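Numbering (UniProt numbering), first residue to last: 1 to 923. Just so it is clear, CB atoms sit at the ideal spot from N, CA and C, and this is done for glycine as well. Please read these numbers as outputs of a predicted model, since none were measured by experiment.
Right, here's the structure in full:
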């Protein structure tokens, strides 16, 4: 527009003015980030060239732009995320993918009654924007774009054929895109020569086999499918039939030659799913050449005899072509040959099919023969399974000496604690062993542990397709056992994925190991036990997060995942489970056990092994600590030690005191021996000085739903008499509570208090403090996992304002961005409900806690007065003020008992807080 305006200034004709005016109006109807700037330019333009109609023109422009502004408001968050990710290519790609998914979803959603649907052109524009910048070399994004256009084939959108042609130019290695190009050309009814030229362009590119033979096979599948469909119609010419036959044979030979060049003649065994061969077999079957088709099955048996799926397809084909009213003799022979294969990956399945088939289609003699065959073969299979189980158990046993050695050499090993509610597999119950009463066979214990421990009922699957989903992995392994959970991660190179699959039992793991070396789509996967990959790590700095743990073990090897415990029921838990990619990496990490970390923390890094779970240690767990209440306030630590030391050596005395140093009348006495503490219970209900004291054994509380940490107070500490030391200030005569008068008001506390929302229940208060403290000194921080948030009180309002602005939309964990607000917003949130188990079906639909909540404006709790004596001061919860004897309000700035300002002082809005922040905290 700047160029157009410059040209207009040289030739300001009426025609040019009207043209520029229409350009502005069109531009203002387009959703854009610079709408205000464009509107300002338009206003200046109208003022200069058509000032009399300025008001009517601007009103018209505003009405025309209402929809554009509404559309952009919905997308502003994504645009801001893109702007924040500038300079980080990977972050930009991730944000853009989320943006594309969201935009595509808007186009698919059915609009509400009376609302207009989301314009499809916005999806097109965003895809074009993404593909021209960061995601142009991502075949998956091109595929999504092509599918979107195919489902919305309208005249004003780009043609699918032109887009898929561009996609193959940007990603020539993607066989999926080339195959889509061939199919789209067929759907558009392009000529045979045009489609053949597309096929030649694909096979002539040097990058088609960059990711293996998968892309090559995809292209030839599309080409062979086109040839067979061209020759299938009843009216097909002889030339079409001849071309199809020649093309199918040529395709099989080309794929075989290509694979042998890429992998070698001995190593390449053909397409594991024999997809092109199946097209050929189907074509020959339709043609009536069953004998020739059977010859392809027999040739395939030479290289695919180890796969039960091959034999099942072969058997189904024989049943299909078997003449009516004729015994399926050939199908029976196929099953008999299948069950006798020594290397069959799932012999049990084929034995079941064999017996069922004979029970239906053969006579009694042949059925008995089949049952006898299966009986003896089953014994061989059972021995094979036992051998595989022994090998897996031996592999697990190899990990134990290193773990025991690390535990024995580590001075801090005795401090390793496993909380009752730790993040272990569901259904595992702790087992108490009584060493004095019975001897437990260690080998039997290890075998039981192998069956029940999550880390040893899991397998690590590598070299999966990059675009694989959890559902596809579950379907692939579901026949081998009950799956508890699946974690899928794409490799950094984007060419493959890795999955960690947890089964219910060790027998399921042994069955899943059959898949090792088999093919998942076009990828030959590796399946190995996850035994010895997971470490139990604790005693690291409290503020440690994923990045800290990964950096800590970066020299040991690659980390697959880090599991943090939930703090919902105990906010003081500090441990995590680190799963490595290889056993060598995990073994190297155990060598760091006992290493001193900055801050005086002695790291504990041991193999995760619940069977080595230790009993809790310390005075409370050992029964050596007593809780004494109703003490005379004049007693001090020395007095108590003198009294209780009569029963045995006292290790420590802790007298509870107020901020002013006065005794609260309660104390904890720690003895060196439990028997001495038990003897000291005789002091219960005895008189000590002027009071009858209560003595009982201390009991620990496992339930700790909140964590509170305090910093420098915003007000001076009380003096020795318990009063706050404040500067002299005359008090109103009617105000009798001097303590409440001198303390900070509810308004002051509310102004410098803010809340953070959407904090995962795996984040502790130290990590929250680490991100909040840079904005100012913190008086008090309360972590509330039960509401997915935290309450933070700063020393001044300016710090609270800076924190509210700076922490809004801050990503505290992958996929979890913070929101800021008031106490009402925080308490309106529910605790996080999550499970790592595989969910099948929709189940009960609930409000998900995993999606990113919409950005909410910063809101503060209403200001309130300070409570009187005996009333606990809360964050944002004001207490009622004493009534004025005269019946008047407590002043112009008074605060009512409900926490809201009276009629003379309006509640502060977001604009007020922003202005206060800009003025350095001054009203």
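Would you please state the rounded distance, in angstroms, between the beta carbons of residue 228 and residue 244? I believe it to be under 8 Å. Residue 228 sits at position 228 when you count from the first residue of the chain shown. Residue 244 sits at position 244 when you count from the first residue of the chain shown. At roughly 6 Å, the Cβ-Cβ gap stays under 8 Å, so residue 228 and residue 244 are in contact.
Just the C-alpha distance for residue 77 and residue 784, rounded to the nearest angstrom, thanks. In the chain shown, residue 77 corresponds to position 77, counting from 1. In the chain shown, residue 784 corresponds to position 784, counting from 1. Taking the straight line joining both Cα atoms gives about 27 Å.
Terminal residues of the continuous beta strand (DSSP E) containing residue 529? In the chain shown, counting from the first residue as 1, residue 529 sits at position 529. Per DSSP, residue 529 belongs to the beta strand (DSSP E) from 526-529.
Hey, which unbroken runs of the alpha helix (DSSP H) at 4 residues or more fall wholly within the segment 447-494? 470-477
Completely contained alpha helix (DSSP H) runs for the segment 1-28, where each covers 4 or more residues: 2-10 and 14-28
Tell me where the alpha helix (DSSP H) around residue 43 begins and ends. Translated into positions along the chain shown, residue 43 becomes position 43. Where residue 43 is concerned, the enclosing alpha helix (DSSP H) stretches over 35-49.
The alpha helix (DSSP H) enclosing residue 640, as first and last residue numbers: The residue you call residue 640 lines up with position 640 of the chain shown. Where residue 640 is concerned, the enclosing alpha helix (DSSP H) stretches over 637-644.
I need the straight-line Cα distance from residue 809 to residue 560, nearest angstrom please. Position 809 of the chain shown holds residue 809. Position 560 of the chain shown holds residue 560. Each residue's Cα considered, the two are about 27 Å apart.
How about the segment 549-559 and the segment 291-305: do they share at least three Cβ pairs that are nearer than 8 Å? no
Among 620, 381, 315 and 270, which residue has its Cα nearest to the Cα of residue 356? Within the chain shown, the letter at position 356 stands for residue 356. With distances taken between Cα atoms, residue 356 lies closest to 315.
Would you tell me roughly how many angstroms separate the C-alpha atoms of residue 642 and residue 650, rounded to the nearest one? By 1-based counting over the chain shown, the position of residue 642 is 642. By 1-based counting over the chain shown, the position of residue 650 is 650. Distance between the alpha carbons of residue 642 and residue 650: 9 Å.
For residue 556, the three-state DSSP class (helix, strand or coil): Counting from 1 along the chain shown, the entry for residue 556 is found at position 556. Residue state, collapsed to three classes: coil.
Three or more C-beta pairs closer than 8 Å, one from the segment 257-267 and one from the segment 280-298: is that the case here? no
From residue 203 to residue 293, what does the alpha carbon distance come to, in whole angstroms? Looking up residue 203 in the chain shown gives position 203. Looking up residue 293 in the chain shown gives position 293. If I take the Cα positions, the gap works out to 27 Å.
Residue environment, residue 304, which counts as buried when at least 16 other CB atoms sit within 10 Å: Against the chain shown, residue 304 aligns to sequence position 304. Burial call: buried.
Rounded to the nearest angstrom, what separates residue 134 and residue 93 at their Cα positions? Translated into the one-based positions of the chain shown, residue 134 becomes position 134. Translated into the one-based positions of the chain shown, residue 93 becomes position 93. In a straight line, the C-alpha of residue 134 is about 6 Å away from that of residue 93.
Distance, residue 778 Cα to residue 832 Cα: For the purposes of this step, residue 832 is taken as the residue at position 832 of the chain shown. For the purposes of this step, residue 778 is taken as the residue at position 778 of the chain shown. About 26 Å.
Taking 8 Å as the cut-off, decide whether the C-beta atoms of residue 307 and residue 522 are in contact. For the purposes of this step, residue 307 is taken as residue 307 along the chain shown, with counting starting at 1. For the purposes of this step, residue 522 is taken as residue 522 along the chain shown, with counting starting at 1. Cβ distance not < 8 Å, so residue 307 and residue 522 don't count as in contact.
Less than 8 Å between the beta carbons of residue 532 and residue 591, yes or no? As a working mapping, residue 532 is identified with position 532 in the chain shown. As a working mapping, residue 591 is identified with position 591 in the chain shown. No, they are not a contact pair.
In the DSSP assignment, what are the bridge partners of residue 697? For the purposes of this step, residue 697 is taken as the residue at position 697 of the chain shown. The partner list for residue 697 (beta bridge, DSSP) reads 626.
Have a look at the DSSP bridge pairing and note the partners of residue 775. The count along the chain shown starts at 1 and reaches residue 775 at position 775. Looking at the DSSP assignment, residue 775 forms no beta bridge with any residue, so it has no partner.
Starting from residue 30 and walking both ways along the beta strand (DSSP E), at which residues does that stretch end? Stepping through the chain shown from its first residue, residue 30 is reached at position 30. Neither: residue 30 is in no beta strand (DSSP E) and is coded neither H nor E.
Any C-beta of chain C under 8 Å from that of residue 144: Within the model displayed, chain C is absent; a lone protein chain is all it includes.
Rounded C-alpha distance that separates residue 563 from residue 127: Locating residue 563 in the chain shown gives position 563, counting from the first residue. Locating residue 127 in the chain shown gives position 127, counting from the first residue. Whole-angstrom Cα-Cα distance: 35 Å.
Cβ-Cβ separation, residue 821 to residue 755 (assumed contact under 8 Å), whole Å: On the chain shown, position 755 is the one that residue 755 refers to. On the chain shown, position 821 is the one that residue 821 refers to. Correct: roughly 6 Å between the Cβ atoms.
Keeping to the same chain, check which residues put their C-beta closer than 8 Å to that of residue 217; ignore five residues upstream and five downstream. Here residue 217 corresponds to residue number 217 of the chain shown, with the count starting at 1. Correct list, in chain order: 175, 255, 271, 275, 276 and 522.
Whose C-beta lies closer than 7 Å to the C-beta of residue 69 among residues of the same chain, with five residues either side of it excluded? The residue labelled residue 69 in the question sits at position 69 within the chain shown. Result list for residue 69: 35, in chain order.
In three-state terms, what does DSSP make of residue 93? Position 93 of the chain shown, counted from the first residue, corresponds to residue 93. Residue state, collapsed to three classes: helix.
Is it true that the CB of residue 480 sits closer than 8 Å to the CB of residue 511? The residue given as residue 511 occupies position 511 in the chain shown. The residue given as residue 480 occupies position 480 in the chain shown. Yes, the pair counts as a contact, with Cβ atoms nearer than the cut-off.
Roughly how many angstroms lie between the CA atoms of residue 647 and residue 623, to the nearest whole one? In the chain shown, residue 647 corresponds to position 647, counting from 1. In the chain shown, residue 623 corresponds to position 623, counting from 1. Each residue's alpha carbon lies about 15 Å from the other.
Less than 8 Å separating the beta-carbons of residue 816 and residue 774? On the chain shown, position 816 is the one that residue 816 refers to. On the chain shown, position 774 is the one that residue 774 refers to. No, Cβ-Cβ distance for residue 816 and residue 774 is not below 8 Å.
If you measure between the beta carbons of residue 31 and residue 75, is that distance less than 8 Å? Looking up residue 31 in the chain shown gives position 31. Looking up residue 75 in the chain shown gives position 75. Yes, these two residues count as a Cβ contact at 8 Å.
Taking the Cβ atom as the reference point for each residue, do residue 667 and residue 640 lie within a distance shorter than 8 Å? Locating residue 667 in the chain shown gives position 667, counting from the first residue. Locating residue 640 in the chain shown gives position 640, counting from the first residue. In contact: residue 667 and residue 640 (Cβ atoms closer than 8 Å).
Restricting to Cα atoms, I'd like to know which of 599, 801 and 789 is closest to residue 830. Position 830 of the chain shown holds residue 830. That would be 789, whose Cα lies nearest to the Cα of residue 830.
Hey, would you say residue 157 sits closer than 8 Å to residue 141, going by beta carbons? Stepping through the chain shown from its first residue, residue 157 is reached at position 157. Stepping through the chain shown from its first residue, residue 141 is reached at position 141. Contact: no.
DSSP three-state assignment for residue 981, whether helix, strand or coil: Outside the shown range of the chain, which is 1 to 923, sits residue 981, and nothing can be said about it.
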